[in-house]
Every structure is written in C-alpha cells, then in structure tokens.
Amino acid sequence: MKKIIVILSFAGLLFNGCTEKAMEQKGSDAKILAPVKEMQKKYAPDKRVAVFNIKTYELGNKLIVSGEVEKPEAKKELLDLLASEKKEIVDSVTVLPEERLGNKTYGIITVSVANMRSDPGEDAELGSQVLMGNIVRILKKKGGWVYIQSPDKYLGWADPDQMIRVTKNEAEEWNSTKKLFVKNYFGFVYQQPSIESYPVCDITGGGLLKDLGTTGLWSKVGLADGRIGYLQKSNVIEYQLWGTTLTPVADNIERTGKYLMGVPYLWGGTSPKGVDCSGFTKTVFLLNGQMLNRDANQQADQGEPIEPGAEFENLKKGDLLFFGRKAENGKPERIVHVGIYLGNREYIHSSGKVRLNSFDPNCPIFEEYNLKRFVRARRVITSRPQVAEVKIH
C-alpha cells in the first residue's frame, strides 16, 4: 500500500504545475540518461515497431521512472540499471499490455481494411492499415480507441469496433483454423451464394476468411465475429497454398501492379482501396505470396543490394527502387519513396495515384524529379515461398 501512495503522491507533484514542490523537479543528468538511451536502442531501435518510452525525473533523493515498455525483461533491466544510482526508485513503468485489458489482449480484424492512426482520434494521421482476418496485439486503450500492433509489428491506434477482441487461446484457435486468402483486388461476401443477394461485407485482396466448405462455384466463409457468407471460389485460394506454393514471379509482379493502375494515393494506405508508395509495393508482393516490411526505408533493408548501372542495365523486373537523398556531405541517407522496376528503364509506383514513369529522358513518361532523387535498388524476389506466420505471444 505504501508503494501505491508514494507513486500517486509523486504523480501529483509531477503533473500539478501550480505547486511549489513541482518546481523543484529536475530532469535527470547525462549519467542517467545515457544508459537509458542505450537500452532504448536495444529494445526499441525503431519506434514504429517496438515500445520503450521511458522518462526519468529527479526529486530530491528520489528518481522517478515512468513510461511504457512491452517486455517485462526490459523493465527489470532498466530498474536494475538505475538502482546503481543509489537513489530511491519510484517505479511508475507500465508493462504492456495494460492490466485493465484483462485477458483479451488480441484482436481479429472484422472489416475489409482497419485503419491505424498516430493518435486516438479520427482526425489523427493515418499510419498504416490491417486487412480482414489478421490478428493484432492490443496493448492499451484510451478514449474509445485501442493501441495495437499489426502482424508486421507496426504500432498505431485503431477503432475497436473494427475487430473482435479475443484471448490468446482464441487467437491461436483462429490462427490454426483452415482459412482462405482473398486474391482478387475487391469483392463482396454475400448472404447467399448469389450476386443478387445482399452483401455481408466487402473484402479486399489479402484478407483472410474462415473456410467453411463449398457450394457449387461458391466458397462458404466465416468472419471472426461469427458472420457467415459466400464468396465466389475464383476470388480465393487456400491460405496454406498461398503461403507454400506461390512465389513472386517478375511477370506476375508487373501484372499485379498494373491492375492497380489509377488507384489513388493514400498516405498510410496498404490495400487496393488506396496505397501510399510502400503500401503499393507491400500489396503487390503480398498478392504474390511475399511479405514486405511496411515503410520504404524498412523495405530498403530487405533483399540484396543491386548496383543499377549507368543506364539501369543491371536491374531486373521486380527490383525495388528507392528514392530520397544519398548519404553525402555529412548527412545520412534518407529514403522517402519506393517503386517497382519493370524493365526498359520504366517503373511503377504510387505518387498521386498508381502510375508508370521512366528514367529515359526521351520517353513521354520521363520524370526528371525522380531520376535526380534515385538512391539505390534492392532485389527482393525470392526463389522460395514466404509466408508470414502470425506469432501469438
């Protein structure tokens, strides 16, 4: 009980700017901050995909440690480290998921595309999206929103009405059930095996549905929230076949990309409804059996580097092209855009909309701006299938 009182009393001092004692609070010195920053590099080198948000304050002989981490071992290591400072440690660090979530710390997406935002609110920036049937971790909640981690580890705030909350066991059950992978770009799940019937919901390429058998030319499917409907069999493939038999072939990558021509650019978009630059490349490869990371600078670490050559002669169809600023004059490299090379110095990318452009100055679709900011290329097409197994942890 004493510990709770101490934490609450100091929390009052920290956040009440009108008290005289709060003015005595001071930030931690470099001796304390340096090792904390090193721990942050260890547990959350990329804040987009890991949580290690720690603040420390000194108040007299007390060291107040607050914030959030997602691994118990990170908190233990942090407190053990700070104990050497010979100050009374006031522990206000939360290990996610929050205890108040109970045992339902997972979610299964039940809409075609669930948005992930930078803050809990509809007006917050769209950071990424999660497709139907995917499992997410739920880490905390605030103001009617939940903070989630998607299968590609991306973090963001989502609307809980776009998912069903489940326990770890229920998530594992869904993960192991026989599922269908939606391979068409758009479609509907119908109430009856007929396009004349009303829809249960819409669906986009990359979505996952429970396989409940077939009826003629239709697949009977189930959503995680218990809804049942029908989808034309030509729109789906068995999930395990998608994950074990499909390999990204250059011509198929081109075909998939071109079928998305004209799809509007959407910052944070990762579905055929709307894509940003890396959402486009991620979607194209996903529909061909390969998982890419979420952002352009993350994708720039995948595959193998390729020296393009003066006329881009060393590149192959399906290679990823990265744009931004090269490392020079003491400034680090900065990747801000990505596209897919198609051969003959042409590439396809999402900029305003999904479109074609060329590095050839004599071509009608030449774009000088991108030629000037081209940085490097990576070959990501693999010779073996890649399936993103959802790890329940």
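In the working numbering, the protein residues as written are 9 to 401. Every residue gets a Cβ at the ideal spot worked out from N, C-alpha and C, and that includes glycine. Owing to the predicted nature of the structure, the values given are computational and were not obtained by experimental measurement.
Which of the three DSSP states is assigned to residue i in this structure?
{"i": "D99", "result": "strand"}
{"i": "S286", "result": "helix"}
{"i": "P372", "result": "coil"}
{"i": "T222", "result": "strand"}
{"i": "P340", "result": "coil"}
{"i": "S227", "result": "strand"}
{"i": "S184", "result": "helix"}
{"i": "P272", "result": "strand"}
{"i": "A42", "result": "helix"}
{"i": "V8", "result": "In the structure as shown, the chain begins at 9 and stops at 401. Residue 8 is therefore absent and cannot be evaluated."}
{"i": "F293", "result": "helix"}
{"i": "P80", "result": "helix"}
Where residue i and residue j are concerned, what is the direct C-alpha to C-alpha distance, given to the nearest angstrom?
{"i": "L249", "j": "V190", "result": "12 Å"}
{"i": "L109", "j": "Y206", "result": "36 Å"}
{"i": "K339", "j": "F331", "result": "15 Å"}
{"i": "M31", "j": "I40", "result": "Residue confidence for M31 is low, a pLDDT of 32 falling below 50, so the modelled location carries little weight and cannot support an answer."}
{"i": "I407", "j": "E181", "result": "No answer is possible for residue 407: it lies beyond the span of the chain, which begins at 9 and ends at 401."}
{"i": "E107", "j": "I236", "result": "33 Å"}
{"i": "G129", "j": "I143", "result": "22 Å"}
{"i": "I356", "j": "L274", "result": "16 Å"}
{"i": "G297", "j": "G251", "result": "6 Å"}
{"i": "E78", "j": "P105", "result": "7 Å"}
{"i": "V119", "j": "R387", "result": "33 Å"}
{"i": "A232", "j": "P313", "result": "40 Å"}
{"i": "T255", "j": "A166", "result": "32 Å"}
{"i": "T289", "j": "V346", "result": "8 Å"}
{"i": "R302", "j": "G68", "result": "44 Å"}
{"i": "L89", "j": "P43", "result": "8 Å"}
{"i": "V257", "j": "T291", "result": "15 Å"}
{"i": "E204", "j": "S366", "result": "44 Å"}
{"i": "E341", "j": "R333", "result": "6 Å"}
{"i": "V383", "j": "S286", "result": "15 Å"}
{"i": "P159", "j": "N370", "result": "43 Å"}
For the ligand COA, any of its heavy atoms closer than 6 Å to the Cβ of residue i?
{"i": "L364", "result": "This structure lacks the ligand COA; in fact it carries no ligand of any kind."}
I'd like to confirm the pairing. Which residues does DSSP put opposite residue i in its beta bridges?
{"i": "T253", "result": "None, per the DSSP bridge assignment."}
{"i": "P207", "result": "Y198"}
{"i": "E354", "result": "G351 and S366"}
{"i": "W165", "result": "R125 and Y155"}
{"i": "S136", "result": "M124"}
{"i": "T64", "result": "V73"}
{"i": "V299", "result": "It is worth fixing the name first, because residue 299 is Met in this sequence and not Val. Looking at the DSSP assignment, M299 forms no beta bridge with any residue, so it has no partner."}
To the nearest whole angstrom, what separates the beta carbons of residue i and residue j, a pair I think is in contact under 8 Å?
{"i": "Q170", "j": "A122", "result": "4 Å"}
{"i": "D214", "j": "L294", "result": "One point to set straight first is that residue 214 is Gly, not Asp, in the sequence displayed. At roughly 5 Å, the Cβ-Cβ gap stays under 8 Å, so G214 and L294 are in contact."}
{"i": "L216", "j": "Y247", "result": "6 Å"}
{"i": "V103", "j": "K83", "result": "5 Å"}
Step through the CB atoms of chain C and report whether any lies within less than 7 Å of the CB of residue i.
{"i": "G282", "result": "Among the protein chains of the structure shown there is no chain C, as only one such chain exists."}
Within 8 Å, do at least three Cβ pairs link the stretch 86–101 to the stretch 67–78? yes
Is the stretch 278–288 close to the stretch 253–263, with three or more CB pairs under 8 Å? no
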